[in-house]
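Chemist:
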Amino acid sequence: MGSLVDLPGRADVVVVGGGIMGTSAAYFLAAETDRDVVLVEKDRIAGGSTGDSSAILRHHYGEKAVYAKTAWWSHQFYRAFAEEVGEELAHGESPLVRFADEDRSDYARAGYEVLRDLDIPVTRYEADELADRYPALETDPFSFAVSDDAAGYSDGTDAAGGFARAAQELGATVVTGVAVTDVATEDGAVAGVETDEGPVEADRVVLAAGPWTTRLTERLGVEIPIETTREQVLVLDPPAEFAAEHPDLVPTSGPPGGGWYMRPDFGGGVIVATHHTGSEVDPDAYSDTPDQETIVELLDGLESFAPGLADADIKGQYCGVYSTTPDHDFVIDQVGPEGCYVACGFSGHGFKHGPAVGKMLCDLVTAGETDLVDDVDYFSLDRFADDPAGHLNDIDS
Ligand SMILES: Cc1cc2nc3c(=O)[nH]c(=O)nc-3n(C[C@H](O)[C@H](O)[C@H](O)COP(=O)(O)OP(=O)(O)OC[C@H]3O[C@@H](n4cnc5c(N)ncnc54)[C@H](O)[C@@H]3O)c2cc1C
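If you use my numbering, the sequence shown corresponds to residues 328 to 724, in order.
(1) Grouping DSSP H, G and I as helix and E and B as strand, with all else coil, what is L636?
(2) Given 8 Å as the limit, tell me if I372 has its C-beta closer than that to any heavy atom belonging to ligand 1.
(3) Taking Cβ positions only, does A463 come closer than 9 Å to chain D?
(4) Got a sec: does ligand 1 put a non-hydrogen atom nearer than 8 Å to the Cβ of G581?
(5) Span of the alpha helix (DSSP H) holding V727?
(6) Less than 8 Å between the CB of Y487 and some heavy atom of ligand 1, yes or no?
(7) With DSSP collapsed to three states, give me the class of E513.
(8) In this structure, does DSSP put F391 in helix, strand or coil?
(9) Just to confirm, does R406 get its C-beta within under 8 Å of one of the non-hydrogen atoms of ligand 1?
(10) Apart from the five residues just before and just after M328, which ones in its own chain have a Cβ nearer than 7 Å to its Cβ?
(11) Compute every distance between the C-beta of I347 and the non-hydrogen atoms of ligand 1, then say whether any falls below 8 Å.
(12) Excluding sequence positions up to five away, which residues of its chain have a Cβ less than 7 Å from the Cβ of F469?
(13) Looking at the secondary structure, which residues open and close the beta strand (DSSP E) in which A427 lies?
(14) Whose CA, out of F593, T579, G519, lies closest to the CA of A417?
(15) What's the C-alpha gap between K396 and H386?
(16) Between the C-alpha atoms of G413 and D690, what's the straight-line distance to the nearest angstrom?
(17) Taking C-alpha atoms, which residue in A511, G489, L626 lies nearest to V562?
(18) Give the single residue among G489, A486, T450 whose Cα lies nearest to the Cα of S474.
(19) Start and end of the beta strand (DSSP E) containing I659?
(20) Is the stretch 531-544 close to the stretch 430-445, with three or more CB pairs under 8 Å?
(21) At the level of alpha carbons, what is the spacing between S724 and A716?
(22) Just to check, is the beta-carbon of V692 closer than 8 Å to a non-hydrogen atom of ligand 1?
(23) Measure the C-alpha to C-alpha separation of G346 and G483 and round it to an integer number of angstroms.
(24) With hydrogens ignored, establish whether the beta-carbon of D379 is closer than 8 Å to any heavy atom of ligand 1.
(25) Give a yes or no on contact between the stretch 673-686 and the stretch 520-531, applying the rule of three or more CB pairs nearer than 8 Å.
(26) Can you check which of these residues, D339, L576, T556, is closest to P565 by C-alpha distance?
(27) I'd like to know if the stretch 642-651 and the stretch 611-620 are in contact, where contact means that at least 3 CB-CB pairs between them fall below 8 Å.
(28) Say yes only if the C-beta of E368 is nearer than 8 Å to one or more non-hydrogen atoms of ligand 1, and no if none qualify.
(29) Using a threshold of 8 Å, is the CB atom of E410 nearer than that to any non-hydrogen atom of ligand 1?
(30) Quick check on the burial criterion: 16 or more other C-beta atoms within 10 angstroms. Buried or exposed for Q559?
(31) I'd like the span of the alpha helix (DSSP H) that includes R436, first residue to last.
(32) Beta-carbon separation of G515 and A529 under 9 Å?
(33) For the candidate residues A338, E630, L356, whose alpha-carbon lies nearest to that of A491?
(34) Under the assumption that A535 contacts A670 (Cβ atoms under 8 Å), give the Cβ distance between them as a whole number of angstroms.
(35) Tell me whether S724 sits in a helix, a strand or coil according to DSSP, three-state version.
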């Protein structure tokens with residue numbers, strides 16, 4: 328595949344990958360610095376996980392306040408996308424509801440406390456309020472619910488496309504259909520990238536290649552523990568009576584520990600998708616069609632949780648890839664040769680942090696530090712050096 332835009336031979340910063348992370352980083356670099364930026368995308372903008380994303384914008388993250396903060400910062404940015412970036416962005420409002428049962432209540436409770444302390448709108452509903460509050464759902468098994476009231480959803484293709492177009496307007500070069508094959512180094516520092524259309528010299532490279540990132544870092548001798556799994560998505564057409572009775576359709580939610588979630592979709596649909604239940608796949612070779620067995624499991628899950636949707640027609644279906652580290656935390660770090668930065672391991676929750684991650688990458692690339700989070704080292708690769716489980720064994724993480 329050739330590019331319509333000529334690949335420059337030199338840049339200050341090369342960003343590899345045109346998903347939400349790469350386009351956001353390119354946008355902030357173009358908007359906030361005078362660096363000459365080239366974004367190289369092997370396929371098309373949002374052609375990876377971003378284009379398959381359910382794009383839920385929630386803030387409830389159990390006890391992990393760091394994500395509540397970056398999700399909130401990013402959501403404000405997405406809400407103001409037209410003013411900030413100059414591009415329209417689809418946005419739907421849909422509180423995200425965490426249900427708790429006897430066995431699983433700590434996560435819902437901890438997230439409630441974090442959001443309350445951060446002044447992010449949140450409400451707790453007790454067991455006797457749930458049936459009236461959520462009439463489309465079977466709420467008997469639940470002891471309470473936490474509503475992340477300001478949550479919503481957007482569209483990955485829209486957002487990455489908006490960032491990429493705005494970055495170009497601001498002077499960045501965005502080249503699609505060109506693959507980066509290697510990172511060039513000289514004396515322990517980045518010297519640029521090799522591509523299938525020739526080299527680009529640069530002393531800063533940002534690897535934001537989603538599930539493909541480790542293919543490039545492995546060539547640099549840097550190991551990042553990431554599993555790439557296939558998740559399956561159905562788009563349902565709710566029965567007319569259900570839609571008439573429940574104008575908001577469903578809250579963004581799922582049964583605790585159920586391994587799936589649902590959210591209302593633009594145009595009156597409902598998205599239902601697996602979450603961290605997929606098997607490991609090669610991101611270049613996986614079936615894009617959900618398995619019959621999984622479709623039956625998802626519809627069975629609906630029968631118990633949102634019974635009125637179990638008979639809905641399936642109007643769309645596809646699969647996408649999660650890239651997940653052992654502790655499900657991101658990797659945002661300088662790794663390997665000087666001037667090489669990675670942003671990967673965004674699991675099933677990266678989209679909602681896209682603006683914050685792009686801003687952090689911009690800060691790290693140009694200043695070596697960022698004040699967008701209290702401790703950017705939380706995302707460092709080093710956490711796996713002493714313990715392959717990373718933060719999983721931290722008491723406070
Ligand atoms: C089904 C599904 C549902 C999801 N739902 C949500 C959700 O509701 N909320 C949420 O916040 N997150 C969600 N996520 C997660 C979120 O979509 C991802 O974390 C995020 O999109 C990752 O973005 P990225 O830019 O890192 O990767 P990607 O979008 O995969 O982008 C990487 C890009 O790099 C390009 N590339 C790779 N190798 C090269 C190379 N060598 N040279 C040039 N280009 C290259 C690829 O073509 C690709 O376009 C979901 C993900 C999936 C799959």
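We put the beta carbon where it would ideally sit given N, CA and C, even for glycine.
Modeler: For this structure:
(1) Numbered from 1 along the sequence shown, position 309 holds the residue referred to as residue 636. Secondary structure of L636 (DSSP, three-state): helix.
(2) For the purposes of this step, residue 372 is taken as the residue at position 45 of the sequence shown. Between ligand 1 and I372, a heavy atom-to-CB distance of less than 8 Å is present.
(3) Going by chain labels, chain D is absent from the structure shown, which holds only one protein chain.
(4) For the purposes of this step, residue 581 is taken as residue 254 along the sequence shown, with counting starting at 1. Of the heavy atoms belonging to ligand 1, none sits nearer than 8 Å to the Cβ of G581.
(5) The shown model of the chain, from 328 to 724, leaves out residue 727, and the question about it has no answer.
(6) Taking the first residue of the sequence shown as position 1, residue 487 is located at position 160. First, the amino acid is wrong: residue 487 is Ala here, not Tyr. Checking the Cβ of A487 against ligand 1 gives yes.
(7) The residue you call residue 513 lines up with position 186 of the sequence shown. In the structure shown, E513 sits in a strand (DSSP, three-state: E or B).
(8) Sequence index remark: in the sequence shown, residue 391 carries index 64 (1-based). For the record, residue 391 in the displayed sequence is Lys; it is not Phe. In this structure, K391 counts as coil in the three-state DSSP scheme.
(9) Numbered from 1 along the sequence shown, position 79 holds the residue referred to as residue 406. No, the Cβ of R406 stays beyond 8 Å of every heavy atom of ligand 1.
(10) Residue 328 sits at position 1 when you count from the first residue of the sequence shown. Its pLDDT being 47, under 50, M328 is placed unreliably in this model, and the coordinates cannot settle the point.
(11) Sequence index remark: in the sequence shown, residue 347 carries index 20 (1-based). In this structure, ligand 1 has a non-hydrogen atom nearer than 8 Å to the beta-carbon of I347.
(12) By 1-based counting over the sequence shown, the position of residue 469 is 142. Listed in chain order, the non-local C-beta contacts of F469 below 7 Å within the same chain comprise F426, A427, D428, A454, L457, local neighbours out to five positions each way being set aside.
(13) As a first step, residue 427 is located in the sequence shown; it is residue number 100 there, counting from the start. Here the beta strand (DSSP E) through A427 covers 423-427.
(14) Walking along the sequence shown from the start, residue 417 turns up at place 90. Of the candidates F593, T579, G519, the one whose C-alpha sits nearest the C-alpha of A417 is F593.
(15) Residue numbering aside, residue 396 sits at position 69 when the sequence shown is read from its first letter. Residue numbering aside, residue 386 sits at position 59 when the sequence shown is read from its first letter. A straight line joining the alpha-carbon of K396 with that of H386 spans about 8 Å.
(16) By one-based count along the sequence shown, residue 413 stands at place 86. By one-based count along the sequence shown, residue 690 stands at place 363. Cα to Cα, G413 sits roughly 22 Å from D690.
(17) The residue labelled residue 562 in the question sits at position 235 within the sequence shown. It is L626 whose Cα lies nearest to the Cα of V562.
(18) As a position in the sequence shown, residue 474 is number 147, starting the count at 1. Here the closest residue by C-alpha is T450.
(19) Here residue 659 corresponds to residue number 332 of the sequence shown, with the count starting at 1. Note, I659: beta strand (DSSP E), 658-661.
(20) No, the stretch 531-544 is not in contact with the stretch 430-445.
(21) The residue given as residue 724 occupies position 397 in the sequence shown. The residue given as residue 716 occupies position 389 in the sequence shown. Only weak support is given to the placement of S724: the predicted model assigns it a pLDDT of 38, under 50, and the value that follows is read from those uncertain coordinates. If you take the alpha carbons of S724 and A716, they lie about 12 Å apart.
(22) Along the sequence shown, one-based indexing puts residue 692 at 365. V692: no, Cβ never under 8 Å from ligand 1.
(23) Here the question's residue 346 lines up with position 19 in the sequence shown. Here the question's residue 483 lines up with position 156 in the sequence shown. Computed Cα separation, rounded: 8 Å.
(24) Stepping through the sequence shown from its first residue, residue 379 is reached at position 52. Yes, the beta carbon of D379 sits closer than 8 Å to at least one heavy atom of ligand 1.
(25) The stretch 520-531 and the stretch 673-686 do not touch, with fewer than three beta-carbon pairs separated by less than 8 Å.
(26) Sequence index remark: in the sequence shown, residue 565 carries index 238 (1-based). Of D339, L576, T556, the residue nearest in Cα terms is L576.
(27) As far as the Cβ criterion goes, the stretch 642-651 touches the stretch 611-620, which means the pair count is three or higher.
(28) By 1-based counting over the sequence shown, the position of residue 368 is 41. Yes, the beta carbon of E368 sits closer than 8 Å to at least one heavy atom of ligand 1.
(29) Walking along the sequence shown from the start, residue 410 turns up at place 83. For ligand 1, not one heavy atom lies less than 8 Å from the Cβ of E410.
(30) Within the sequence shown, residue 559 is the residue found at index 232, counting from 1. By the neighbour-count rule (16 or more Cβ atoms within 10 Å), Q559 is buried.
(31) Position 109 of the sequence shown, counted from the first residue, corresponds to residue 436. According to the DSSP assignment, R436 belongs to the alpha helix (DSSP H) that extends over 433-444.
(32) Locating residue 515 in the sequence shown gives position 188, counting from the first residue. Locating residue 529 in the sequence shown gives position 202, counting from the first residue. G515 is not a Cβ neighbour of A529, given a cutoff of 9 Å.
(33) The count along the sequence shown starts at 1 and reaches residue 491 at position 164. Ranking A338, E630, L356 by CA distance to the CA of A491 puts L356 first.
(34) In the sequence shown, counting from the first residue as 1, residue 535 sits at position 208. In the sequence shown, counting from the first residue as 1, residue 670 sits at position 343. Contact flag correct, Cβ pair sits at about 5 Å.
(35) The residue given as residue 724 occupies position 397 in the sequence shown. Bear in mind that the predicted position of S724 carries a pLDDT of just 38, short of 50, making it unreliable; the figure below should be weighed with that in mind. Coil.
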